[in-house]
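> From first to last, the protein sequence lines are chains X and V.
Quick note on this note's numbering: the first sequence kicks off at 23 and runs consecutively.
Quick note on this note's numbering: the second sequence kicks off at 23 and runs consecutively.
Number of protein chains: 2
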Amino acid sequence: MNIGEVAKKSNLPAKTIRYYEDIGLITPLRDTNGYRSFRESDMHKLAFLGRSRALGFTIEDCRNLLALWDDQDRASADVRAIASEHLEQIERKIADLIAIRDTLSHLVQTCAGDGRPDCPILARLEKFPT
Amino acid sequence: MNIGEVAKKSNLPAKTIRYYEDIGLITPLRDTNGYRSFRESDMHKLAFLGRSRALGFTIEDCRNLLALWDDQDRASADVRAIASEHLEQIERKIADLIAIRDTLSHLVQTCAGDGRPDCPILARLEKFPT
DNA sequence: CCTTGACCCTCCAGCTACTGGAAGCCCTAT
DNA sequence: ATAGGGCTTCCAGTAGCTGGAGGGTCAAGG
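1) Measuring CA to CA, which of P50/V, D44/V and I45/V is closest to V28/V?
2) Excluding the five sequence neighbours on either side, which residues of its own chain have a C-beta within less than 7 Å of the C-beta of I104/V, listed in chain order?
3) Taking the alpha carbon of E110/V as the point to measure from, which residue in P151/X, L126/X and D93/X has its own alpha carbon closest?
4) In the DSSP assignment, find the unbroken alpha helix (DSSP H) run with A134/X in it and report its ends.
5) Using a C-beta to C-beta distance shorter than 8 Å, which residues of chain X count as neighbours of H108/V?
6) Starting from R73/V, trace the alpha helix (DSSP H) in both directions and tell me its first and last residue.
7) Assign R58/X to one of three DSSP states: helix, strand, or coil.
8) Please list the partners that I120/X has in chain V, where partner means a Cβ-to-Cβ separation under 8 Å.
9) Rounded C-beta distance between F79/X and H108/X? I'm assuming under 8 Å.
10) Buried or exposed, going by whether 16 or more other CB atoms sit within 10 Å of the CB of D93/V?
11) Can you tell me where the alpha helix (DSSP H) holding P142/X begins and where it ends?
12) Any idea what DSSP makes of R52/V, helix, strand or coil?
13) Determine the closest residue to V101/X out of L147/V, W91/V and T54/V, with distance taken between C-alpha atoms.
14) Reducing DSSP to helix, strand and coil, say where Q94/V ends up.
15) Chain V partners of L47/X, CB-CB under 7 Å?
16) Once the 5 residues before and after I52/V are set aside, which same chain residues still bring their CB inside 7 Å of it?
17) Smallest Cα separation from D124/X: which of R40/V, I116/V and R96/V?
18) Determine whether the beta carbon atoms of P139/V and S74/X lie at a separation below 8 Å.
19) Excluding the five sequence neighbours on either side, which residues of its own chain have a C-beta within less than 6 Å of the C-beta of D64/X, listed in chain order?
20) What in chain V is Cβ-close to I143/X, meaning under 7 Å?
21) Is there a Cβ of chain X sitting closer than 8 Å to that of A89/V, yes or no?
22) Taking the alpha-carbon positions, what's the Y41/V to C141/V distance?
23) Going by C-alpha to C-alpha distance, which of I122/X, A121/X and L77/X sits closest to D118/V?
24) Would A36/V pass as an interface residue toward chain X - the criterion being a Cβ-Cβ separation below 8 Å?
25) Just mark G46/V as buried or exposed, buried being the case when its beta carbon has 16 or more other beta carbons within 10 Å.
26) Indicate whether at least one CB of chain V lies closer than 8 Å to the CB of R123/X.
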């Protein structure tokens with residue numbers, strides 16, 4: 023399989039796939055003309071990567087997950103540790119964003135949003151104790 | 023005021039303050055020895071920037087908000103537009119993260135997390151339809 | 001046989017918003 | 001005179017791609 027077909031099937035841009043090769047996540051073969059030649063196993067890895075990235079795992083997490091996936095003797099605890107850590111980060115991020123959203127939503131609601139210059143949003147950015 | 027003092031008062035790293043000067047958000051004066059010399063107005067801008075960034079506004083948003091702040095004849099609608107747009111992005115991000123969290127939290131719960139290799143997390147990354 | 005267009009290749013630069021570090025000047029105190 | 005701390009600039013690196021230049025390859029149509 024050439025990169026175009028793989029890109030379509032895995033739903034990843036060709037650029038991204040080349041990048042993943044650059045950083046050693048996959049190692050497709052090469053045809054005599056220099057074109058990358060993807061095996062089924064490469065496709066599987068790319069699909070795995072796509073799903074991992076879609077769940078927000080970092081590239082380094084993906085690298086580790088991929089290694090665990092390849093290792094038939096892995097301990098599920100190792101996988102779970104990565105996922106739990108990631109989950110905690112997500113929870114923290116959600117909490118942060120919700121706090122921001124509440125503040126912002128309140129400010130947007132109290133701003134007239136007309137032609138006049140008075141604006142509680144600017145007032146808050148100007149005066150709120152950091 | 024030298025940069026160290028400003029950094030302390032504004033709660034921003036000196037590096038960040040220099041960076042903000044580089045990209046034209048502030049333009050402190052210079053002493054004869056080459057040291058940056060910050061006025062009160064620079065401090066205020068930095069505090070404004072700190073709060074805007076803490077609410078997740080991008081640097082470009084900050085630049086625009088700062089310009090509106092400086093402009094006595096601004097229309098609050100312009101401020102509100104920036105904030106609303108940002109708010110919508112936050113809402114989208116929260117929704118995305120919550121979806122991820124739900125998936126991840128379920129997976130983590132169903133994974134034994136022991137010494138055995140079977141793992142629903144890997145199973146999902148391997149098989150879930152993209 | 002030649003051309004056209006769709007592929008594919010590599011390499012370099014740029015994105016966001018900083019952050020770290022090196023090399024070196026300045027200022028104050030001892 | 002020296003030691004320390006603070007200040008300066010400049011360069012490089014972070015994450016995860018993305019865009020573009022410049023060029024080779026391949027299959028189909030004329």
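Positions of the beta carbon are idealized from the N, C-alpha and C atoms, including for glycine.
So, to answer that:
1) Out of P50/V, D44/V and I45/V, the CA that lies nearest to the CA of V28/V is found in P50/V.
2) D83, N86 and L87.
3) Minimum Cα distance to E110/V is reached at L126/X.
4) In this chain, A134/X is not harboured by any alpha helix (DSSP H), its DSSP state being neither H nor E.
5) Near H108/V (Cβ distances below 8 Å), the residues of chain X are L126.
6) Looking at the DSSP string, the run of the alpha helix (DSSP H) that includes R73/V is E62 to A76.
7) Shown here, R58/X sits in a strand according to DSSP, grouped into three states.
8) For a Cβ distance threshold of 8 Å, residue set I116 of chain V lies close to I120/X, ordered along the chain.
9) Correct: roughly 6 Å between the Cβ atoms.
10) Exposed is the call here.
11) Run containing P142/X: P142 to K149, per the alpha helix (DSSP H) assignment.
12) Reduced to three states, the DSSP call for R52/V is strand.
13) Per the Cα distances, L147/V.
14) Coil.
15) Neighbours of L47/X on chain V: none; closest Cβ ~14 Å, over 7 Å.
16) The residue you asked about is not Ile; residue 52/V is Arg in the sequence shown. Cβ within range, chain order: R58 and S59.
17) When only C-alpha atoms are compared, the closest one is I116/V.
18) Not closer than 8 Å, so no.
19) Short of 6 Å from the beta carbon of D64/X, and not among the five residues preceding or following it, lie these beta carbons of its own chain, in chain order: I48 and P50.
20) V101, R102 and A105, listed in chain order.
21) Closer than 8 Å to the CB of A89/V there is not a single CB belonging to chain X.
22) Approximately 46 Å between the Cα atoms of the pair.
23) The shortest Cα separation from D118/V among I122/X, A121/X and L77/X belongs to L77/X.
24) It does not: the Cβ of A36/V has no partner Cβ on chain X nearer than 8 Å.
25) Burial is judged here by how many other beta carbons sit within 10 angstroms of a residue's own beta carbon; G46/V has fewer than 16 and is exposed.
26) Taking 8 Å as the CB threshold, R123/X lines the interface with chain V.
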